[in-house]
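Comments concern the structure below.
Numbering (my numbering), first residue to last: 2 to 224.
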């Protein structure tokens, strides 16, 4: 649908699941349209009609009216709010556990680079995520052995890792937790989903605003 909009065309909301055709190469195309459905975009209202119809199609035809998973609900909300297409294409909540975890940690590595190379952009990301300031006070109540052990870990000399009390520090903890020998990809994803459900998408959005998401070439990775 986004590609159709780039080409200047719209269906003005007159479509359903039957109009998205998957070919043998698993490419998705618009098809099975009645004559006159596809029109040139005249105003932003045309785009809004397509987005609203797409969200309705997901709820009613794909999910059949069942409860919408949190990640899907958030993604549909982003779609209706007019979030940039490149952020919608690569929304971390829609990726599998391995790829989602990989991209989250790749973005964290990029944040560390920003701290040294572009302090202004780094501080912009930190300011954009104030809800994660003070996370250490909450850690005591998580009752998750991997998080607690990682947070309290001391090396052979008795030295503990110092974690900042902001989103950078929380991501640092998650990075070290992910490196735990007993943590599987699925378990790491479950920990994030249970205790820090929004951090991946919040962080991805903040990094997109400072231009970091575009530089990862996620279209290439996802394809």
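For every residue, glycine included, the Cβ atom is placed at its ideal position computed from N, Cα and C.
In or out: residue i buried (at least 16 other Cβ within 10 Å) or exposed?
i	result
residue 52	buried
residue 26	exposed
residue 46	exposed
residue 57	exposed
residue 123	buried
residue 80	buried
residue 115	buried
residue 206	buried
residue 65	exposed
residue 133	buried
residue 24	exposed
residue 94	buried
residue 226	Nothing can be reported for residue 226, as the shown portion of the chain is limited to 2 through 224.
residue 34	exposed
residue 156	exposed
Flag this pair as yes or no: are the beta carbons of residue i and residue j separated by less than 8 Å?
i	j	result
residue 161	residue 154	yes
residue 202	residue 98	no
residue 84	residue 215	no
residue 29	residue 126	no
residue 41	residue 14	no
residue 168	residue 102	no
residue 75	residue 17	no
residue 48	residue 6	yes
residue 147	residue 193	no
Which residue or residues does DSSP assign as beta-bridge partners of residue i?
i	result
residue 21	31
residue 11	40
residue 52	Paired residue(s): none; residue 52 is not in a bridge.
residue 117	Partner(s): none; residue 117 has no beta bridge.
residue 155	161
From this set, the options, which residue's C-alpha is nearest residue i's C-alpha?
i	options	result
residue 208	14, 111 and 43	111
residue 129	40, 73, 200 and 156	200
residue 139	96, 186, 157 and 197	197
residue 19	12, 11 and 31	31
residue 113	2, 213, 35 and 4	213
residue 180	69, 119, 120 and 152	152
residue 37	12, 156, 117 and 78	12
residue 149	159, 158 and 137	137
residue 144	217, 22, 96 and 195	195
residue 55	92, 100, 178 and 77	77
residue 59	4, 163, 21 and 184	21
Can you check whether the C-beta of residue i is within less than 8 Å of a C-beta belonging to chain C?
i	result
residue 99	Included in the structure is just one protein chain, with no chain C present.
Report yes or no: do the segment 104-114 and the segment 164-178 share at least 3 C-beta pairs separated by less than 8 Å?
yes
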